[in-house]
Each structure stands twice: as structure tokens, then as C-alpha cells.
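A.B. asks: Please find one structure pasted underneath; my questions will follow.
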Amino acid sequence: MSGLTRNCVARVIIQQLFNGLALGMAYALIAVGYSLVFGILRLINFSHGSIYAFSAHMALLFIGMQFGVIPAIAMSIVLTGLLGVIIDKTALEPLRKKNSIPMAALITTIGMSNIIQNLLMIFFNTERKPFPAFFDFGMIKLGNLQINSTQVVMCIVSLALLILLTLIINKTKLGLSMRATEQNAKAASLMGINTNFIISFTFFMGGASAAIAGALISGYYQIVYPGMGFMVGLKAFAAAVLGGIGVLYGSVVGGLVVGVSESFAATFIGSSYRDSIAFIILILVLILRPTGLFGKKDIKKV
Amino acid sequence: MAYLKVNSITKQFGGLIAVDKVSFEVEKHEIVSIIGPNGAGKTTVFNMLTGVYTIDQGEIIFDGRPIHNMAPQSIVDLGISRTFQNIRLFPNMRVIENVLVGTHLRTKYGLADALFRTPRYRKEETEKTLRAIEILKSIGLGHRIDDYAQNLPYGEQRKVEIARAIATDAKIILLDEPAAGMNPQESEELLSFIRELRGKGYTIILIEHDMNVVMNISDRIYVIDHGKKIAEGLPKEIACNQQVIEAYLGGVKKDAKG
Amino acid sequence: MDKNKSKRNNFIFILESFIEKFKIPIIVICAAVLLGIPFMGFSQYLMRIIIMIGIYSMLALGLNLLTGYTGQVSLGHAGFYAIGAYTSALLSLKLGFSFFPAAIGGVLAASICGLLLGLPTLRLKGTYLSIVTLGFGEIVKMVLTNWDKVTNGTLGLKNIPRPVIFGIKLTLANNGLYYMMLALVAIVTVVCVLIIRSKIGRALISIKEDEFAATMMGIKTTKYKILAFVISAAITGLAGAFYSTVIGFIEPNSFTFDVSTLIISVVILGGMGTIRGMFLGALILIAFPEAFRFLMDYRFVVYGLVLVFMMRFRPQGILGWKSQMPYKLPKAVRQQLEKLKTEGVKAQ
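If you read the sequences in order, they're chains A, B and C. Residue numbers for the first sequence follow the working numbering, so the first one is 1 and each next one is one higher. Residue numbers for the second sequence follow the working numbering, so the first one is 1001 and each next one is one higher. Residue numbers for the third sequence follow the working numbering, so the first one is 2001 and each next one is one higher.
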């Protein structure tokens, strides 16, 4: 192998690594939504992918209304957070009150996902719409490496948000209530914690972080369409499970593993494999470690 | 050698020693009770006997054969079956179906027999159904066979659990607080039923809180406290054992005050 | 409220007694209607939809065995459906198999995958198992998309031959496919009933009800869960094989996650853990998008609403009641009990 090609391969690897890290951080933001909700309700929120798609469309809508990119995204974040709350209040909370079987809630979120996605299709049509590359500041040179600034921005923003989320959960009173509800909702409610509010808040945080991820990924690919949430949702979900669902830093590691392996698979195996590599890793991890990489073991009481 | 010999078994959960070198023996056709305050480790002992938990130390010999750390299914197969402290029936199945699940292990036909409704299938299904009805009648649930298990009152649900345990053709039946939630008359009936079982050749190990039941029925009693065996003997001896009164009855008194 | 409940149960009791009493005429009428459908002058388009209802009944029966009876939620049944369809289509296209051996091939391939997918049940439970099945469905789709040489990738397989019986090609026009659908649905239904009303069925249900208690009654839960996966996959594979020959064209996108959720929706809408519900569920959910074309794009929104409202107001499904009739004892047992009764009377 000549020096030139070796150099070239090394550069591709590093470039793909950054590519994967950036995507992975964004996946982590979406994964957090799955993880938080699962932690508290033991529920896979299948509508989360559609929530993410919703956020991107809202951002697009407000940008179209000349609000400016950043205010538009801020509004989309709030609206998407509210959508999460609405889904919980209208569809899931009644089920909890009735003590329904877990599958009922699962199917409800699948139904919700259907509703959101199809409404998006009706109001925004199914076409792929351009999204402004609002955080592209050109290439950044690091020695003889060229890194896309969008990737750096994605990494930094996601990382900052994830740290913020961790601080909220670990250092604030609200976070303490969240953790208490996660451990034992009944006991928490007996201790005077308004668990319904905590659950709503959790849905809001999940929705809001999905909206931020939506803005980042849309700005990165510069494309928005109603079906965009499906695959990304599944992959983020895989990331959440991979890291150990219910564990926040697990989502980050899971997101990075999925993002990096995806971009490497796309480069070295073929782009049509990119969407499935997450699932292959996921299944292997689950079979070897049923609760994910950092998942806590449930102690069974007989 | 004793029919069931438990030799210094130990179970640890993290730093907590739930059961600490407990030993006891049960002879054929005996009714042996294990008593002790809440959280003493009685149910853990049952879980070790039935293969739910592996044991950290010691051995359990049943009929001359070590059974510790075997799969629960194999232990049932050898003839040790149980009921549960917090009833674990199959709530949406009928009473008779619950008992038929108990006979599963002794029903030998396979998928092909079921699909082609072979004579073997018919013969075994008939046999087992009759057996299930017989067990239910003997326990006083003959009128309940069509009901769904969840629709039965508490006391009757406990009886279904016992019926289900018998249906596995168990030799030793472990009863985890069988009289809990029963009124005095029901528990009186239950006592005579348990005696009847012994008469039919079963061996019974009992966990029970109701001292009335325990003193009445047991051939011998083992007392556990904080995971350790603190006394053993005949009901009379246990009733006046100072250590037991302190640990067990004393505990009750304290509870009553609080 | 209690009163209301007993009233409703009473209604079910009356309904069930009625059905039990007029069992034979009802069966005859149903059979006559089903056999007579081709003579009612429906268009080929409608006949194709009716056949799809049959296919989804089979799919639902298959998933029901796993999810409704055994309690293992699969989110990847489209994978088995695809494996059945592709294996059978490839066997007939590339190796010239006729439909029946090809379909058997499809069933076997799906069963083997069912076995493989069932193995993780050794270690995984509940939600985690569902996730693995979801991943399985996606991976099957990936393989179908990328294994160009065999599966023709995204272009799919065309001109899949129709079944031939006694030299007669079964088509939509001569209603051969319709009758074949009837026969397959009947076989699958009978197989499901036979399994459920046996010790195997009781073992499966006990696992759903309380897996730990089932273990403690000596049931080898892992074995039965894997068995449920295999049988479920086999039935789904059969439906796939039939689908490929009915439509004549398959591509990876015929087997998306949406298909998996549609199958689950059929099971849930009809009534999990019942056989009767599967037919009604398939009828409603397959006919719905066609019958409500006037709703245009909104019909898929309504479809989501149906799921949400069902879960809220009737989670057991439309036909998901528990039988109020006495337990059906084996014939010999009934005779024996009669004999005992009369003897008892004599003795007194």
C-alpha cells in the first residue's frame, strides 16, 4: 500500500468518525426521550419518532413565517415538548388510571405515531422539503484534517444539552422527584410528589430534546419530510436500549455506538446497510447483556 | 436417612445473609412447620427448596438424592411442589384449568398427539381431567370447577393453589401460609384437609403465622429468626421455649403495641 | 357499575347459549355464505381484498398464538411473513417448484427463523424480547434489500407463478385463489384450536398468566415459548407464501414495520387470546382503508385513532370476552361423571 492511499484511508476513517460522532450525539438526544419515559413508565414510546418529525416540520413552518431560524427552533422546541405532554395526558394517563396492561399503552403510542405522521403528510405533503443549513460555518482545519463545522456544532450542542439534562436530573429538586417516581411511583406519590406532573415534565423534556435533535439533524441533512422520524426513531431507540434504557449516560454511549457504526457501515460495507447495523449490534448486545451495556438489573421478588 | 434432609443451607443477597446455615429434617408422612417472625427467612427457605434460588452453601437431600441448585421444573418432577404466600394462580383460567396445569408434568402426550387427537391424547386428557375434578372435590371446590380463578374468594383461591400443587403428583407439599386470609371456620376445614392429605401419604411442610394452626397440626416445629434456626421440637416444647417466645411471640406483642 | 357488569356478562351468556344451541345451523349458514361469495358477482378487485382479509386472518392467528396466548409481544412478524413469501417465491421461480412444495419450503424457513428468534427467550423477557423481534424484522428487510443476487434487491420478485391443482391454474378469475384461501384459513384455525385445547395450550396460557407460577408447576417455559415462536412463525410463513402467489410480486417494502403493527392491531382489535376475534379484526382493518376511501388521506389518521380509542375503552378487543359457558369437559369425562351421578342416586 502506498503512503498516499494509506493516508487517504486514514483521513476517510477520521472523517467518518466525526460524522458518526455528530450523528451519534443527535441520536443520543432522541434516545434520551425514550430512556426517560421508559425509566418512569416502563413503556416504549413508539410515538417518539413522529414527535421528532413533528418538531422538524414546526421549525420549518416557523422559519417559513419569517420568524428567523433560532426563534423558530425555540418555538418548535416548546411546541414539541407540549405535544409530548398532550400525548401523555390524552392517551396514556387514562390508561394508567385504569391500570391497563402494558401492551395497551404500547399500542396506544403506535396509534399516536400513526396519527401524527399522517397529519404531517396531510398538512405538509409527503415531499422532501429543503431545510436551511443554519449552522454551517464552512470547514474547520485541524492540521491537515478538514472537519465540517456542522459536525462540531452538533457535537457541542448535544453534549451541552445532555450535560444540562443530567444536571437537572441529578441536582435539582425536580430531578429528585423524577428519580423517586422512577424508583417507585406509588411511594413517591405518597410522599407528596405530584407524579402526574413529573410524568408530564418527563414527556416535555423528551419532546424538547427530540426537537433540538430534529433541528440539528434537519440542518445537517438539509431535508425534512413526514416519514423522517421512523428510521431515526428506531435507531435512537436502539441506542437507548443498547446503552441500557433508563440510564442517561447509557443513551449517550448507545447513540455514539450507533452513529459511528452507521457511518462506518455506510462507507465500508455499503450505504444500504447503514440503517440495519444498529439493530445487529443491538441484538448482539441484548443477547450477551440482556439489560444493555449499563442497564440496572431488576431484582425479582417472589 | 430422613426423607428430606436440609443440611446447613445458606443464602446471601449482597451483604445480607437471608438464611444462615439452616438445617432440618422431614420424615415421610410428617407435618413439619417452619415458623418465625416476618422477614425471618422462611419463604427464602422454600425458594431454596424449590429451586427458585440457588444456595450458596450446604446441601438439600431428597429421598437420598441431592436436589439443591436443580432447575425448579426438575424439582417438581421429583415430587416437591408448593403454594405461594401471595397467591399466584392463573387468574384468567378456570379453576379446573389451573389444576390441569398442575397435571402438565405427568401428561406425556406431545404436539402430534394434540394435533391429530390420537387415542393417547383422549385417554390422558380424560384421566387427568377426572383426576383434577377428584382433587377439587376432595378439597371442597367441586362446585367451582367452571369458575375463573380470579372470581373466587381469597380462601378458595388458596385451596385452588393447594389443589394445583397436589395435581403435580407431589410427594412433599410446601404450603406457604395457607391459612392467611381465611376465617376461623375455613382454617379449621383447611386443618382437617391437611391432616387428610397426610393420611393419604403426603408429606407436608408448612410456613404459618397463625399459632393456632401451627400448634394444632404440626408433628414438629422449626423456628427461624434472622435467617438462623433458633429452636426445634414438638409443638409443646416450642410453646414454652423462652428463646422462641422472645423472638417470635415477643415480636408480635411489640407489633401489637405499635 | 357492578350491576351493569353482570348485565353485560349476562348478555354474553345469552349470546353464547344461543350459538351453542344453534351451532349446526350457524355453521351451515356461515359455510354457505363463505362458499357462495364468488357467486355474488364481486369484482376481481373486491375478491382480492377479501383474499387479503383471509391472509391477515392467518397472520393474526399466527401472532395471536404467540402474543395473545403466550404473552410474548412480537414487533417483527413482518419478517416471518417476508421469509415465507420470499422462500416460496424463490423456490418456484428459480428451482421450478410447484406452489405446494414451495409453500412448505417457506413454512420451514420461517419456522427455523422462529426457532432462532425464540432462543433469546432463554435470557430476555418482556419489552427486551419485543425489541429483539423488532430488530429481527428490520434485519430481514435489510437482507432482502441487499442480497441482490438472490432476492433482486429493491426491484423485488416478479411473475411469481400461481398454484396449480390437477392441471388447473388457480387465479382470481376462476376463484381458485379464493377457495384456496378458505381452505388455508380453515386449516390454520383448526390447528390453533387443537393446540389451544390441549396441555400445550394450557401451558402457553399459563406462561402468559404467570410465568413464574408456571415454572413452579414444572412447565418448561423456555421450551414452550420457543415452540410458540416456531408455530407462530410457521403460520405466518404460510400466509407469506400464499400472499406471494396471490399478488405475484413481492419487494422488501411489502414487509415493513407497518405490516408488523398492522398484524398486531388486527389481533388487538379483534380480541387477544381469542380465535373468533382474528377474523373480525382482519375484516375491519383490511376493509377499512378501502371502505373509507372518501376520507382520503384522513383514513390513516382514523386508523390510528381506532387503536388509541380501542385501548382506552375496550382493550380486550371487540370480541374479547371470556366465555361464560361451563368448561368443556372431554366426552369420556362427561360420561363418567353422568355414570357416577346415577350410581350415586341409586345408592341413596
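Ideal Cβ positions, reconstructed from N, Cα and C, are used throughout, including at glycine. Please read these numbers as outputs of a predicted model, since none were measured by experiment.
Give, in chain order, every residue of the stretch 2279 to 2303 of chain C whose Cβ lies closer than 8 angstroms to some Cβ of chain A.
C.D. replies: Result list: Asp-2297, Tyr-2298, Phe-2300, Val-2301 and Tyr-2303.
A.B. asks: Suppose contacts are defined by Cβ-Cβ distances below 8 angstroms. Is Gly-255 of chain A in contact with Met-25 of chain A by that definition?
C.D. replies: yes
A.B. asks: Between Ser-177 of chain A and Thr-195 of chain A, what straight-line distance do the alpha-carbon atoms span, to the nearest angstrom?
C.D. replies: 8 angstroms
A.B. asks: With a 10 Å radius around its C-beta and 16 neighbouring C-beta atoms as the bar for buried, classify Cys-2192 of chain C as buried or exposed.
C.D. replies: buried
A.B. asks: Nearest chain B C-beta to Ser-2254 of chain C closer than 8 angstroms, yes or no?
C.D. replies: no
A.B. asks: List the DSSP bridge partners of Pro-1066 of chain B.
C.D. replies: B:Ile-1061
A.B. asks: Between which residues of its own chain and Arg-2123 of chain C is the CB-CB distance below 6 angstroms, once the five residues before and five after are set aside?
C.D. replies: none
A.B. asks: Between Cys-1240 of chain B and Val-1213 of chain B, what straight-line distance do the alpha-carbon atoms span, to the nearest angstrom?
C.D. replies: 17 angstroms
A.B. asks: The beta strand (DSSP E) that contains Tyr-1222 of chain B, what's its start and end?
C.D. replies: 1220 to 1225
A.B. asks: Give a yes or no on contact between the stretch 2212 to 2227 of chain C and the stretch 2017 to 2032 of chain C, applying the rule of three or more CB pairs nearer than 8 angstroms.
C.D. replies: no
A.B. asks: Helix, strand or coil for Val-2301 of chain C, going by three-state DSSP, please let me know.
C.D. replies: helix
A.B. asks: Where does the unbroken beta strand (DSSP E) through Lys-1011 of chain B begin, and where does it stop?
C.D. replies: 1004 to 1013
A.B. asks: Apply the 10 Å Cβ neighbour rule to Asp-2002 of chain C and answer buried if 16 or more other Cβ atoms are within range, or exposed otherwise.
C.D. replies: Its pLDDT being 45, under 50, Asp-2002 of chain C is placed unreliably in this model, and the value from its coordinates should be taken loosely. Exposed, because fewer than 16 other Cβ atoms sit within 10 Å of the Cβ of Asp-2002 of chain C.
A.B. asks: What is the rounded straight-line gap between the Cα of Met-1 of chain A and the Cα of Val-9 of chain A?
C.D. replies: Residue placement at Met-1 of chain A is flagged as unreliable, the pLDDT there being 48, under the threshold of 50; a coordinate-derived value is accordingly withheld.
A.B. asks: Within the 8 angstroms Cβ cut-off, does Glu-2251 of chain C reach chain A?
C.D. replies: no
A.B. asks: So what's Gly-1233 of chain B in DSSP terms, helix, strand or just coil?
C.D. replies: strand
A.B. asks: Taking the C-alpha atoms as reference points, what is the distance between Thr-1054 of chain B and Gly-1014 of chain B?
C.D. replies: 14 angstroms
A.B. asks: Can you give me the start and stop residues for the beta strand (DSSP E) that Arg-1082 of chain B sits inside?
C.D. replies: Going by DSSP, Arg-1082 of chain B is part of the beta strand (DSSP E) stretching over 1080 to 1082.
A.B. asks: Report the rounded CA-to-CA distance for Ile-1017 of chain B versus Glu-1237 of chain B, giving the unit in angstroms.
C.D. replies: Ile-1017 of chain B and Glu-1237 of chain B: Cα-Cα distance of roughly 28 angstroms.
A.B. asks: So what's Leu-1174 of chain B in DSSP terms, helix, strand or just coil?
C.D. replies: Strand.
A.B. asks: Between the C-alpha atoms of Tyr-1121 of chain B and Thr-1129 of chain B, what's the straight-line distance to the nearest angstrom?
C.D. replies: 12 angstroms
A.B. asks: Taking DSSP as the reference, what is the three-state secondary structure of Tyr-344 of chain A?
C.D. replies: With chain A covering 1 to 302 only, the question about residue 344 of chain A has no answer from this structure.
A.B. asks: Assuming Leu-2319 of chain C contacts Arg-2276 of chain C (C-beta within less than 8 angstroms), just tell me the rounded distance between them.
C.D. replies: 5 angstroms
A.B. asks: Is the beta carbon of Thr-1168 of chain B less than 8 angstroms from the beta carbon of Leu-1089 of chain B?
C.D. replies: no
A.B. asks: Chain C partners of Thr-1050 of chain B, CB-CB under 8 angstroms?
C.D. replies: Met-2216
A.B. asks: Let me confirm a value: Met-112 of chain A is counted as buried when at least 16 other C-beta atoms fall within 10 Å, else exposed. Which label applies?
C.D. replies: buried
A.B. asks: According to DSSP, simplified to helix, strand and coil, what is Tyr-1148 of chain B?
C.D. replies: Strand.
A.B. asks: Between which two residues does the alpha helix (DSSP H) harbouring Lys-98 of chain A extend?
C.D. replies: It is not in any alpha helix (DSSP H) - Lys-98 of chain A carries neither H nor E in the DSSP assignment.
A.B. asks: Once you ignore the five residues that flank Phe-135 of chain A on each side, which residues in its own chain have a CB closer than 7 angstroms to its CB?
C.D. replies: Thr-150, Val-153 and Gly-219
A.B. asks: If I follow the unbroken beta strand (DSSP E) through Asn-148 of chain A, where does it start and stop?
C.D. replies: For Asn-148 of chain A, the uninterrupted beta strand (DSSP E) run begins and ends at 145 to 148, by DSSP.
A.B. asks: By the 9 angstroms beta-carbon criterion, what residues does the stretch 1110 to 1122 of chain B contribute toward chain C?
C.D. replies: Gly-1110, Leu-1111, Asp-1113, Ala-1114, Leu-1115, Phe-1116, Arg-1117, Tyr-1121 and Arg-1122
A.B. asks: Give the residues of chain B in contact with Val-2073 of chain C, contact being defined as C-beta atoms less than 9 angstroms apart.
C.D. replies: None at all; the shortest Cβ gap to chain B is about 17 angstroms.
A.B. asks: Which complete alpha helix (DSSP H) runs does the stretch 1 to 71 of chain A hold, if anything under 4 residues is left out?
C.D. replies: Counting whole runs of 4 or more residues, the stretch 1 to 71 of chain A contains the alpha helix (DSSP H) stretches 3 to 41 and 48 to 64.
A.B. asks: On the three-state DSSP scale, how would you describe Asp-1020 of chain B?
C.D. replies: In the structure shown, Asp-1020 of chain B sits in a strand (DSSP, three-state: E or B).
A.B. asks: From this set, C:Ala-2082, C:Ala-2110, C:Ala-2233 and C:Ile-2012, which residue's C-alpha is nearest Gln-2072 of chain C's C-alpha?
C.D. replies: C:Ala-2233
A.B. asks: Taking the CB atoms as reference points, tell me whether Leu-242 of chain A and Leu-190 of chain A lie closer together than 8 angstroms.
C.D. replies: no
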